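Numbering (the working numbering), first residue to last: 1186 to 1498.
For every residue, glycine included, the Cβ atom is placed at its ideal position computed from N, Cα and C.
Bear in mind the structure is a predicted one, so any value in this text is a computation, not a measurement.
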């Protein structure tokens, strides 16, 4: 797992309030999620306009759709400066990119289907000589998608200073039917109609060691939690303002302003609230009426104990 720093491209933030947000991206820019998201699995599907413990509020950004699917088995590369900036896998032909389907990986042998640099579509690029599988460290080249992850993987959680990240698997299947993850304990998530669905690790938000350094466990709107980049910065504690799902410290969640006493006067955005264990509830601001409520509207097995410290509805 890779610690977070400011990054130059990709997506760091998960916007909960728009609910247009970002899945912690390769390098921290602007891939957006409309979290009026839908969710599905092989056993159930549910609308994810979450109202119980997460929030919905107006915000700017791309308004498309996002889908999270739980695994129950649980291009146009820049060539004008290639001689000096193409440090990993280079497309030096100058030819137009070959568009492809990342879920079927239909590129020619020796290539893989991955993101274009703007994160808006997919392209075929050469597979590195020594490709890395999901979960292993990876190196990103001059652009997003030019990395040493194997076919079906993308270098994510990239540190802008070192260029090192972690290979994350691409979902399998089709958006027309269902996207799934082959690896047990991962959730398929995509943030917009042009975003590639990827398999992020599931996690327990009450477990301090559930995600790697610089990451935070957030709700995926499939009522499953997964590891994303921690974008809380200097704030992120109980009562601090937030605009993004991953804008709070580990052990906290971004909820509606009127759910936390300290945040009622902020005016817009959301507020970080401490998470709690329903089996042993304990919350800050109990003297102000804050109590431990069930977090997910319809918790998946294994998450029934997760609560959030908010005012009564």
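Status (buried if at least 16 other CB within 10 Å, exposed otherwise) for residue i
i	result
residue 1394	exposed
residue 1486	exposed
residue 1291	exposed
residue 1361	exposed
residue 1354	buried
residue 1304	buried
residue 1326	buried
residue 1289	exposed
residue 1332	buried
residue 1421	buried
residue 1350	buried
Nearest neighbour of residue i, chosen from the options [CA to CA]
i	options	result
residue 1392	1490, 1444, 1364	1490
residue 1317	1297, 1302, 1306, 1307	1297
residue 1484	1345, 1410, 1328	1410
residue 1294	1288, 1311, 1286	1311
residue 1378	1387, 1370, 1346, 1359	1359
residue 1284	1300, 1302, 1307	1307
residue 1366	1380, 1384, 1350	1384
residue 1300	1324, 1340, 1390, 1429	1340
residue 1323	1309, 1345, 1302	1345
Rounded C-alpha distance that separates residue i from residue j
i	j	result
residue 1466	residue 1399	27 Å
residue 1348	residue 1427	28 Å
residue 1338	residue 1352	6 Å
residue 1455	residue 1480	16 Å
residue 1319	residue 1334	7 Å
residue 1329	residue 1434	27 Å
residue 1473	residue 1442	15 Å
residue 1368	residue 1498	38 Å
residue 1488	residue 1408	9 Å
residue 1482	residue 1405	12 Å
residue 1448	residue 1388	27 Å
residue 1470	residue 1425	13 Å
residue 1397	residue 1342	10 Å
residue 1313	residue 1336	9 Å
Close beta carbons around residue i, own chain, < 7 Å, minus the five adjacent residues each side
i	result
residue 1458	1423, 1437, 1438, 1440, 1444, 1445, 1493, 1494, 1495
residue 1464	1490
C-beta neighbour in chain C for residue i, strict 8 Å
i	result
residue 1349	As a matter of chain content, chain C is missing from the structure shown, which is built from one protein chain.
Same chain, Cβ closer than 8 Å to residue i, five either side skipped, listed in chain order
i	result
residue 1468	1459, 1461, 1475, 1476, 1477, 1494
residue 1315	1333
Beta-carbon proximity list for residue i, same chain, < 6 Å, skipping 5 on both sides
i	result
residue 1382	1356, 1364, 1373, 1375
residue 1321	1352
For the segment 1395-1468, which segments carrying the beta strand (DSSP E) assignment without a break, of at least 3 residues, lie completely within its bounds, in sequence order?
List check, beta strand (DSSP E) in window: 1400-1404, 1410-1414, 1437-1441, 1455-1462.
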